[in-house]
Amino acid sequence: MVVLKGTKVVSGIAIGKLYVYMHPDKHISRATVEDTRAEINAFNEARQKAISQLEELYESSVAYLGETNASIFVAQEMLLEDAQYTEFVKKQIRKSRYNAAYAVALASDEFSRLFSSIEDKYLQSHVADVRDVSERMLRILCGAETEMIEPGEPCIFASDDFSAGDIVQFNSGNVLALATMFGSPVSHASILAGTLGIPSVVGLGQEMLSIYDGRTAVLDGTKGELIIDPDKRTLEKMKRKQKEFEEQQRMLLLLKGKNNITKSGEYINIYANIGSAEGVETALAYDAGGIGLFRSEFIYMESPTYPSEEEQFNIYKEVLEKMRGRKVIIRTLDLGTDKQASYFRPEKETNPALGFRAIRISLAQPGIFKTQLRALYRASAYGNLDILFPLIISVDEVKQIKEIIKEVKDELDGEHIEYSKEIRIGIMIETPAAVMISDELAKYVDFFSIGTNDLTQYTLAIDRQNPKLETYFNTLHPAVFKMIEMTVKNAHKAGITVDICGEAAADLSHTQDFIKLGIDALSVSPNMVLALRKRIRECD
Ligand code: PEP
Ligand code: MG
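Going by this note's numbering, the sequence shown opens with residue 2, and the numbers climb by one from there.
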């Protein structure tokens with residue numbers, strides 16, 4: 002029996018035959034070419050072919066993956082159309098007289114290095130795009146165009162790595178689980194595996210060998226393990242664990258339509274956190290009572306430039322309509338630190354988490370802020386909208402926001418454009434400053450939403466993105482808990498509601514305490530809604 006440990010990506014347990022596929026080595030050697038023009042032509046032809054393949058992948062996957070997921074292929078196509086990438090390759094051919102394949106390999110390394118040096122998780126995820134698209138080009142240029150073939154029978158599929166393009170083709174149901182030698186839990190391939198609900202583990206390392214092909218294996222996505230040739234006892238144990246997991250999932254679905262009521266009759270709202278209009282489908286599938294946090298910055302991050310009022314209006318309207326009168330809380334732009342847009346390039350900062358982010362950007366660039374507010378107010382006519390503002394530290398900021406809202410409303414009135422008069426204005430309580438003046442802030446707003454991710458980061462001085470500090474990042478630290486307690490008291494004293502939308506809301510070991518504090522709503526990722534409902538119903 003061999004046990005390989007990796008990083009868990011999608012939970013679930015699969016037992017079956019292991020199918021191992023390693024990408025063939027393409028042997029990209031460096032050659033000096035005489036006819037550079039012919040080599041550039043070869044590159045251009047390969048580029049056109051890759052673009053057509055990506056267009057086909059988009060068309061064939063958009064229906065079942067949704068627009069956001071399928072847009073990976075659009076992003077990769079854009080990279081192939083990007084002048085910087087293509088010029089880099091052509092320059093290598095023209096000036097150094099390198100062969101096209103070698104020039105593409107150099108571009109792959111150079112652009113991957115560039116993106117990964119940006120110290121920003123989102124931009125780092127572009128490394129996967131650069132690698133994927135360059136791989137595609139190299140396969141075409143080297144005549145090694147063997148696409149990864151889906152197994153013909155149900156299998157746990159193991160490989161050196163999967164690209165997003167590989168994953169979208171796995172639609173026969175034969176892929177029980179995915180295991181990789183390399184890979185990252187935040188790559189597009191991993192995100193897609195999550196969307197499709199395929200149990201996955203990445204980063205199992207070089208010990209995952211081709212010789213394991215055809216052996217019996219167990220993939221434990223809840224633990225991040227791949228067990229090859231399990232002994233009888235382990236196999237029995239894992240079969241029981243698999244049954245328990247499936248049973249849990251089934252039981253949770255039975256809670257659809259039920260109330261979030263404790264044994265002693267306390268009611269608490271459960272909302273879902275989303276980052277796109279497509280997220281609404283999942284939120285509804287898991288029976289969320291509303292959207293507690295729509296991180297609107299994802300719209301900006303997925304757009305090649307600042308999204309227009311019309312583009313934003315259509316997205317907000319779609320979300321509000323799909324939620325059919327249920328509460329929808331949309332947070333205004335929270336760009337900065339780990340969330341960047343390619344076109345938004347603030348000056349380099351020593352401490353970006355303490356820098357130019359969130360409401361600070363919106364107030365410094367009122368034109369962009371007003372565009373978003375106009376889109377939100379216009380969309381409000383189509384549902385039950387509240388607006389939330391991130392990273393507030395002062396009453397003055399709230400006053401400035403209200404002034405701008407007034408200007409927007411006056412403009413809309415002047416243009417006879419309808420909007421809801423019921424919109425509640427809320428602020429994120431995610432800085433110690435906001436907590437300490439929450440009694441004052443509560444006089445100016447209709448609700449608070451506690452962002453425990455940032456509140457923990459700023460209270461404990463622990464960078465939320467530093468994996469080395471993961472063990473210190475404790476959202477139940479007494480200091481954080483006292484902050485939450487103070488915020489709730491001040492909100493309720495002023496007669497306003499208070500929700501929690503940070504990750505702590507989904508930590509079921511906190512639920513009882515949050516209920517005791519009198520939290521009005523907990524907003525969690527859609528797949529946690531039913532587990533949280535179950536926990537609430539068990540609480541006294
Ligand atoms: C938070 O900080 O807890 C929060 C919900 O916002 P984000 O994670 O988007 O910073
Ligand atoms: Mg935050």
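Ideal placement from N, C-alpha and C gives every residue a C-beta, glycine not left out. Since the structure is predicted, the reported quantities are computational estimates derived from the model, not experimental observations.
The beta carbon of His511 sits closer than 8 Å to the beta carbons of Thr476, Leu477 and Ala505 from its chain, once the five residues preceding and following it are set aside; these are given in chain order. Val329: not part of any alpha helix (DSSP H); member of the beta strand (DSSP E) spanning Lys328 to Arg332, first to last residue. Just so you know, the alpha carbons of Gln373 and Glu310 end up roughly 6 Å apart. In this structure, the straight-line span from the alpha carbon of Asp36 to that of Glu46 is close to 16 Å.
With 7 Å as the limit between CB and the heavy atoms of the ligand PEP, the residues that fall short of it are Leu294, Arg296, Asp335, Pro391, Met429, Glu431, Gly452, Thr453, Asn454, Asp455, Leu456, Cys502, Gly503 and Glu504. At a Cβ-Cβ threshold of 8 Å, Glu298 and Lys340 count as neighbours.
The bridge partners DSSP lists for Val499 are Phe449. In summary, Thr306 is exposed, with fewer than 16 beta-carbon neighbours lying within 10 Å of its beta-carbon over all protein chains present. Secondary structure of Arg425 (DSSP, three-state): strand.
Short of 7 Å from the beta carbon of Ser201, and not among the five residues preceding or following it, lie these beta carbons of its own chain, in chain order: Val10, Val11, Ala178, Leu179, Ser191, Ala194 and Gly222.
By alpha-carbon distance to His417, the top candidate from Val399, Arg379, Lys407 and Leu470 is Arg379. The three-state secondary structure of Asn385, taken from DSSP, is strand. The beta carbon of Asp447 sits closer than 8 Å to the beta carbons of Asp387, Arg425, Ile426, Gly427, Ile497 and Thr498 from its chain, once the five residues preceding and following it are set aside; these are given in chain order. With contacts defined as CB atoms closer than 8 Å, Tyr22 and Ser160 qualify as a contacting pair. It is roughly 39 Å from the alpha-carbon of Pro433 to the alpha-carbon of Val131. Restricting attention to Glu319, Ile451, Leu523 and Ile485, the CA atom closest to the CA of Glu282 is found in Glu319. If you draw a straight line from the Cα of Ile300 to the Cα of Arg140, it comes to about 33 Å.
Apart from the 5 residues on each side of it in sequence, Val34 sits with its Cβ closer than 6 Å to the Cβ of Glu40, Arg98 and Asn100 in its chain, given in chain order. Rounded to the nearest whole angstrom, the C-alpha separation of Asn175 and Met149 is 14 Å. Rounded to whole angstroms, the Cβ separation of Asp214 and Tyr20 is 7 Å, and the two are in contact under 8 Å. In the displayed model, Val34 falls within coil according to three-state DSSP, outside both helix and strand. In the DSSP assignment, Phe163 falls outside any alpha helix (DSSP H) and carries neither an H nor an E. Put simply, of Lys535, Met2, Gly7 and Met529 the residue whose alpha carbon is nearest the alpha carbon of Tyr272 is Met529.
Going by DSSP, Gly280 is part of the alpha helix (DSSP H) stretching over Gly280 to Ala286. Going by C-alpha positions, Glu247 is about 26 Å away from Gly291. In chain order, Cys156 place their CB closer than 6 Å to the CB of Lys18, counting only its own chain and leaving out the 5 sequence neighbours on each side. Taking the Cβ atoms as the reference, Ile438 lies roughly 14 Å from Ile451, outside the contact range of under 8 Å. Taking a cut-off of 8 Å on C-beta distances, the stretch 254 to 264 does not touch the stretch 48 to 66, as fewer than three cross pairs fall below it. Ranking Ile360, Ser381, Ser135 and Gly356 by CA distance to the CA of Gln313 puts Ser381 first. Of Gly293, Tyr420 and Glu208, the smallest CA-CA separation from Thr333 is found for Gly293.
Rounded to whole angstroms, the Cβ separation of Leu205 and Thr235 is 17 Å, and the two are not in contact under 8 Å. A check of alpha carbon separations from Arg361 across Gly337, Val134, Phe295 and Asp133 identifies Gly337 as the nearest.
Contact check for Arg296 and Asp232: beta-carbon distance about 46 Å, past the 8 Å limit, so the pair fails to qualify.
Counting the other Cβ atoms within 10 Å of the Cβ of Ile402 gives 16 or more, which makes it buried.
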